[in-house]
Amino acid sequence: MVSKMSVLKATFTATSIISLLATFYIVYLLFSSYSVVYGIDASVLKFDPAGSTDSANVTILIKNKSAYHLRLVYVKIVIYVDGATKLENDRTLYDNPIGLKPLSNTSVSMLVYTQPGSLISPSLEYGSAIIYLRIYDVPLINVAPLTRMGAFYVS
Amino acid sequence: MSLKEKLRNFDYPFSRSLAILSGVLASISTGFAIIILKDEGGVIPPVFLYLLVTLLITLASLLIKIQLYSPTKPSPETYTQTAEESVKSFQQFLILLYVLVLAIIAVVPFLAIWVPGLWWVIGLTGFISGINISELILYILSQRRR
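Protein chains in written order, with my numbering: chain A, 188 to 342; chain B, 300 to 445.
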C-alpha cells in the first residue's frame with residue numbers, strides 16, 4: 188500500500204526534478220540563441236557593376252558558425268559607394284527560405300540598384316554595406332532580425 | 300472542512316531545505332522569464348502574460364496542495380463504509396492524482412512542438428514559478444502559525 192506521505196514526497200521530488208531539468212533546458216536554449224545571434228556573420232563577397240552605372244551584382248557571404256540549421260527568409264542590402272551613392276536590392280523576402288547549414292558558409296547573389304539620379308562611378312574602389320537579415324528556427328526566440336555592417340573592395 | 304479551516308490546520312510535510320529549493324527554483328525561473336520576455340513586444344506585454352499565468356498556476360496549485368496537506372477526516376457518510384474500503388478509495392484517489400500531476404508535468408516540455416516559442420516560454424516558466432511559489436507560500440504560512 189502507498190502511504191499519503193510517500194505519494195506527496197514522490198510528487199514533490201518529481202516536480203522539483205522536472206523544474207530543474209526544464210530550467211537547465213531554458214538556460215541551454217538561451218545560450219544556444221546567443222550562439223546563433225552572435226555566430227552569424229554577413230559580408231559583401233563581391234560587388235560587380237559589370238559596366239552598368241545604375242545597378243550592380245552583389246554576392247553576400249553568410250557564415251553560420253552555430254550548430255543549428257537555420258532558414259534565411261529576408262535579406263536587405265544597403266550599399267554606400269563614393270560616400271553618397273546609395274544602392275538597395277528590390278527583392279528582400281524569400282518565399283522559399285534559404286537554408287543555412289550549421290558550421291558552413293552560404294553565398295546569396297542579388298542585384299542592387301541606385302536611387303534615381305545617382306550613378307556608380309566607373310573608378311569605384313570600395314564601399315560600405317549594411318545587411319539586414321531575418322533568420323528563422325533560432326532556438327527559444329524562433330525569429331531573429333540581425334544587422335551586419337562592413338566595408339568591401341570592388342572587384 | 301472549509302478552506303479557512305484547512306489553511307489553519309494543514310501540516311507542511313517537507314523540510315526547510317526543500318522549501319528553500321522551491322524558492323531558488325522559483326527565483327531562477329522568474330529571472331529567466333523576465334530576461335527572455337522583457338524585450339518582446341505585443342498587444343499584451345509577454346511579461347504581464349507570464350505574471351498572469353504564474354498567478355493562476357500558483358492559486359491552482361495552492362488549492363490542490365492545501366487539500367493534500369490537510370489531515371483527512373472521514374465524513375459522516377464514510378462511517379458506513381468499512382475502514383478497508385475508505386482507505387482503498389483514498390489510496391486510489393491519491394495514485395490517480397499523482398499520475399495526473401506527473402502526466403501534466405511530463406507533457407509541458409513537449410508543447411514546444413505545437414505552441415509558438417513565446418507561449419512555450421511563458422507556459423513553462425510560469426508553470427515552474429507557480430508550482431514552486433505555492434510551496435514557498437505554504438512553508439511560510441506553516442512557519443507563521445508556530
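Glycine included, C-beta positions come from ideal geometry on N, C-alpha and C.
Distance CB(residue i)-CB(residue j) smaller than 8 Å
i: L276(A); j: K263(A); result: Sequence inspection shows Asn at residue 276(A); the Leu mentioned does not correspond to that position. Contact: yes.
i: I427(B); j: S326(B); result: no
i: D241(A); j: T301(A); result: yes
i: V299(A); j: L274(A); result: yes
i: V265(A); j: L311(A); result: no
i: V223(A); j: A331(A); result: yes
i: G226(A); j: V268(A); result: no
i: L290(A); j: A254(A); result: yes
i: I328(A); j: S220(A); result: yes
i: V342(B); j: G425(B); result: no
i: V325(A); j: I247(A); result: no
i: L257(A); j: Y323(A); result: yes
i: F211(A); j: F313(B); result: no
i: L286(B); j: Y349(B); result: This structure leaves residue 286(B) out entirely; chain B is present only between 300 and 445.
i: L423(B); j: P345(B); result: no
i: R321(A); j: M297(A); result: no
i: T202(A); j: I430(B); result: yes
i: L324(B); j: L195(A); result: no
i: A316(A); j: G286(A); result: no
i: T357(B); j: I432(B); result: yes
i: I213(A); j: F389(B); result: no
i: T272(A); j: S305(A); result: yes
DSSP bridge partner residues for residue i (one or two, in chain order)
i: D235(A); result: N244(A)
i: K179(A); result: Chain A is shown only over 188 to 342; residue 179(A) falls outside these bounds and no answer can be derived.
i: I266(A); result: L274(A) and A316(A)
i: N329(A); result: V325(A)
i: R444(B); result: None; R444(B) has no bridge partner.
i: M336(A); result: I317(A)
i: Y255(A); result: The partner list for Y255(A) (beta bridge, DSSP) is empty, contrary to what the question assumes.
i: Y261(A); result: L280(A) and R321(A)
i: I285(A); result: L259(A)
Contacts around residue i, its chain only, beta-carbon distance under 8 Å, and the 5 residues preceding and following it disregarded
i: S441(B); result: F309, D310 and Y311
i: N292(A); result: L248, I249, K250 and N251
i: V414(B); result: G422
i: L306(B); result: I365 and L440
i: Y438(B); result: Y311, F313, R315, A318 and S321
i: P303(A); result: none
i: S239(A); result: I307
i: P284(A); result: R258, L259, V260 and Y323
i: A359(B); result: G429
Cβ-based neighbour list, residue i, same chain, cut-off 6 Å, excluding 5 preceding and 5 following
i: E434(B); result: S321
i: V420(B); result: I335
Contacts around residue i, its chain only, beta-carbon distance under 7 Å, and the 5 residues preceding and following it disregarded
i: A243(A); result: F234, D235, P236, L274, V299 and I307
i: L339(B); result: In the sequence under discussion, the amino acid at residue 339(B) is Glu, which differs from the Leu named in the question. If we look at E339(B) and ignore the five residues flanking it on each side, its Cβ neighbours are P345 and L417.
i: A209(A); result: none
i: S369(B); result: M300, K305, N308 and F309
Near the ligand SAM: residue i beta-carbon under 7 Å from a heavy atom
i: A325(B); result: The model depicted lacks the ligand SAM and carries no ligand whatsoever.
Quiz prompt | Positions along the stretch 318-341 of chain A whose CB lies within less than 7 Å of some CB in chain B | solution = L327, I328 and N329
Exercise. Starting from the N-terminal side, write out each stretch of the beta strand (DSSP E) that is 3 residues or longer and does not extend beyond the stretch 287-319 of chain A.
Key: 291-301
Exercise. With 9 Å as the limit, tell me which residues of the stretch 277-305 of chain A have their beta carbon closer than that to any beta carbon of chain B; keep them in chain order.
Key: none
Practice problem: Taking only runs that begin and end inside the stretch 302-349 of chain B, name each unbroken alpha helix (DSSP H) of 4 or more residues, in chain order. | Solution: 302-308 and 315-336
Self-check item: Short-range partners of chain A found in the stretch 425-441 of chain B, where Cβ spacing is below 7 Å
Solution: I427, I430 and N431
Quiz prompt | the stretch 307-334 of chain B: positions lying closer than 9 Å to chain A by Cβ | solution = P312, F313, L317, L320, S321, L324, A325, I327, S328, F331, A332 and I334
Quiz prompt | Selection of the stretch 240-253 of chain A by Cβ proximity to chain B, strictly under 8 Å | solution = none
Exercise. Give the residues from the stretch 211-236 of chain A that approach chain B closer than 8 Å (Cβ to any Cβ), ordered along the chain.
Key: Y212, I213, V214 and L217
Self-check item: Positions along the stretch 340-366 of chain B whose CB lies within less than 7 Å of some CB in chain A
Solution: none
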